[in-house]
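Numbering (our numbering), first residue to last: 162 to 470.
The C-beta atom is built at its ideal place from N, Cα and C for all residues, glycine as well.
The structure displayed is predicted, hence computed values, not measured ones.
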């Protein structure tokens, strides 16, 4: 099979965990151990989130006041290189030396008129208490929003329209390479009035971009790996139930939080509906079982309704 695995930024750097390089590498090693199991006989494309990482780079850049802070598109490109490097190294240590890897900087076009620019919703960076978040918002001009029982900075998250590097991604796959691309939803870009491509101050949702990537690559399976083992109804309540499988039409009617599970469900539903193939939402540590069909929430147009675990 041709499989796109989308690794969540919060899974690579877990919620509340100190944002150290060692912690990130440890979590990526967990993902690599799972991905190594599904490599035999399959073509693999790995996308990843970058919310915690791009937020951290933004904080570090803001600390150097002698120059204007680097924009989010540049920081996004930096995270693609940083995370891709660690994924290549950790996965390469587990697979045969002859397996080739390529991490590709991936520019993604967005629409200048996307309403997301008037309604920032993408959480980036660490979590804060409400008091600390409000102070930082006042100091730095940030938009903030609740994230569970904490608060985070939120930025514009326009929809991906076009992946510019889709052809070289296909070429690399055809040569047997494992491709790491579309990191953090890709580098947000748009054309200016003169027809020149330029970066945009935004962060594209990784899951929506991964769904577009999987569709354009004619992938057989989209795996959205996160820090929970399924999509749930009533998550965090005594009545919570894990969803084993669902038709996209039925799943979308349930409603999911925009800042967490919502984009994952939307991306999985769009891929399943547009391609007739299967998308699965599940835990990073269950990737092997997800591909075997025994874990996660499977979204497909083949079966109507919703089945709970």
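Please report the distance separating the alpha-carbon of residue i from that of residue j.
i: residue 390; j: residue 402; result: 11 Å
i: residue 339; j: residue 207; result: 8 Å
i: residue 202; j: residue 164; result: 11 Å
i: residue 415; j: residue 443; result: 18 Å
i: residue 232; j: residue 470; result: 44 Å
i: residue 264; j: residue 460; result: 28 Å
i: residue 257; j: residue 277; result: 43 Å
i: residue 303; j: residue 378; result: 36 Å
i: residue 222; j: residue 353; result: 26 Å
i: residue 192; j: residue 358; result: 34 Å
i: residue 454; j: residue 439; result: 10 Å
i: residue 405; j: residue 381; result: 19 Å
i: residue 253; j: residue 260; result: 8 Å
i: residue 435; j: residue 462; result: 10 Å
i: residue 316; j: residue 341; result: 24 Å
i: residue 166; j: residue 430; result: 16 Å
i: residue 314; j: residue 347; result: 19 Å
i: residue 327; j: residue 399; result: 44 Å
i: residue 289; j: residue 178; result: 13 Å
i: residue 224; j: residue 230; result: 9 Å
i: residue 456; j: residue 450; result: 5 Å
i: residue 468; j: residue 394; result: 12 Å
i: residue 356; j: residue 349; result: 16 Å
i: residue 184; j: residue 211; result: 14 Å
i: residue 273; j: residue 437; result: 31 Å
i: residue 249; j: residue 275; result: 34 Å
i: residue 280; j: residue 329; result: 33 Å
i: residue 293; j: residue 301; result: 12 Å
i: residue 312; j: residue 241; result: 25 Å
Using 7 Å as the threshold, is the C-beta distance between residue i and residue j below it?
i: residue 162; j: residue 271; result: no
i: residue 305; j: residue 298; result: yes
i: residue 321; j: residue 369; result: yes
i: residue 324; j: residue 361; result: no
i: residue 482; j: residue 392; result: This structure gives no information on residue 482, because the portion of the chain shown stretches from 162 to 470.
i: residue 148; j: residue 217; result: Missing from the structure shown is residue 148; the chain here goes from 162 to 470 and no further.
i: residue 334; j: residue 204; result: yes
Mind checking whether the beta-carbon of residue i lies closer than 6 Å to any heavy atom of the ligand HEM?
i: residue 198; result: For the structure depicted, the ligand HEM is absent and the ligand set is empty, with no information on it obtainable.
Using 8 Å for Cβ pairs, my map puts residue i next to residue j. What's the rounded Cβ distance?
i: residue 345; j: residue 452; result: So it is not a contact: roughly 24 Å between Cβ atoms.
i: residue 195; j: residue 446; result: 6 Å
i: residue 213; j: residue 168; result: Going by Cβ atoms, the distance from residue 213 to residue 168 rounds to 12 Å, so no, they are not a contact pair.
i: residue 365; j: residue 425; result: Rounded, the Cβ-Cβ distance is 14 Å, inconsistent with contact.
i: residue 286; j: residue 220; result: 6 Å
i: residue 318; j: residue 283; result: 4 Å
i: residue 189; j: residue 239; result: That belief does not hold up - the Cβ atoms of residue 189 and residue 239 are roughly 16 Å apart, past 8 Å.
i: residue 367; j: residue 209; result: 7 Å
i: residue 176; j: residue 247; result: That pair is no contact at about 19 Å.
i: residue 255; j: residue 182; result: Not quite, the Cβ-Cβ distance comes to about 20 Å (not below 8 Å), so this is no contact.
Report the residue from the options whose alpha carbon sits nearest the alpha carbon of residue i.
i: residue 291; options: 307, 167, 318 and 446; result: 307
i: residue 397; options: 418, 409, 266 and 381; result: 418
i: residue 448; options: 437, 183, 199 and 286; result: 199
i: residue 466; options: 423, 388, 408 and 274; result: 408
i: residue 266; options: 296, 280 and 234; result: 234
i: residue 372; options: 343, 333, 191 and 286; result: 343
i: residue 262; options: 388, 326 and 336; result: 336
i: residue 413; options: 400, 432 and 399; result: 432
i: residue 428; options: 349, 376 and 310; result: 376
i: residue 237; options: 437, 423, 293 and 363; result: 363
i: residue 441; options: 301, 279 and 387; result: 387
Residue ranges of each beta strand (DSSP E) within the region 169-250, 3 or longer:
204-209
What alpha helix (DSSP H) runs, 4 residues minimum, are completely inside the region 363-413?
367-377 and 409-413
Contiguous alpha helix (DSSP H) assignments of at least 4 residues, all confined to the region 276-314:
291-301
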